[in-house]
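Peer 1: So for the sequence shown, numbering that gives the first Met the number 0 puts the first residue at 0; every next one is plus one.
Built from N, CA and C at the ideal position, the CB exists for glycine as well.
Please see the structure below; I have some questions.
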Amino acid sequence: MTSMQAIRILLCTLVATGVLATAAHADSGEKSDAAKYRHEVMEAMGSSFGNFILLYMNKVDQPDAHLIANAQALALSASLTADLVPAGSEGGEALPAIWDEMDEYQKYAEEVANNTAALADAAEAGDKAAMGKAFKAAGKSCKGCHDKFREEHDH
Ligand code: ASC
């Protein structure tokens, strides 16, 4: 084999592998980057929310700065939810109903942004009663939207 032939075989193999990998990607219904981004913002919200509750319930002993930081992080991620469903970003765990009923999705997005902003305010003020009220309201927004617009899943 000449070295030219060897290079051609190598190139063909690389191209074929690339094409197959792309096809496999499409076949397995793998998520687009936009859908991955949406998922990770939601995961960030879940982490902040979970950690906030651990701190609020005194299950973890950390300075108040942690309670405040988690409430603020939650509010910051929640402020992005309205933008997470652009046209063409369908897929992942998001149900098609989102794009059919966009006003309803946007209502939840606004609700969760407002409720988590109230939570951050309450945390900054050290107002436990207001924190309790706000996180219940925020949890209801999360759950309402997920029940309607997210695929069933285990966690
Ligand atoms: C989450 C998550 C939800 C809410 C909900 C709170 O982290 O994924 O749907 O919090 O469980 O009631």
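1) Could you check what DSSP says for residue 129 in three-state terms: helix, strand or coil?
2) What are the partner residues of residue 49, as DSSP defines its beta bridges?
3) Counting Cβ pairs, one atom from each stretch, are 3 or more of them under 8 Å apart for the region 27-44 and the region 57-68?
4) Suppose contacts are defined by Cβ-Cβ distances below 8 Å. Is residue 110 in contact with residue 140 by that definition?
5) The ligand ASC and residue 138: does the residue's C-beta get closer than 7 Å to at least one heavy atom of that ligand?
6) Name the residue from 100, 51 and 39 whose alpha carbon lies nearest to the alpha carbon of residue 119.
7) Name, in chain order, the residues that DSSP records as bridge partners for residue 93.
8) Quick one: Cα of residue 124 to Cα of residue 81, how far?
Peer 2: Judging by the given coordinates:
1) helix
2) None, per the DSSP bridge assignment.
3) no
4) yes
5) yes
6) 51
7) 90 and 149
8) 27 Å
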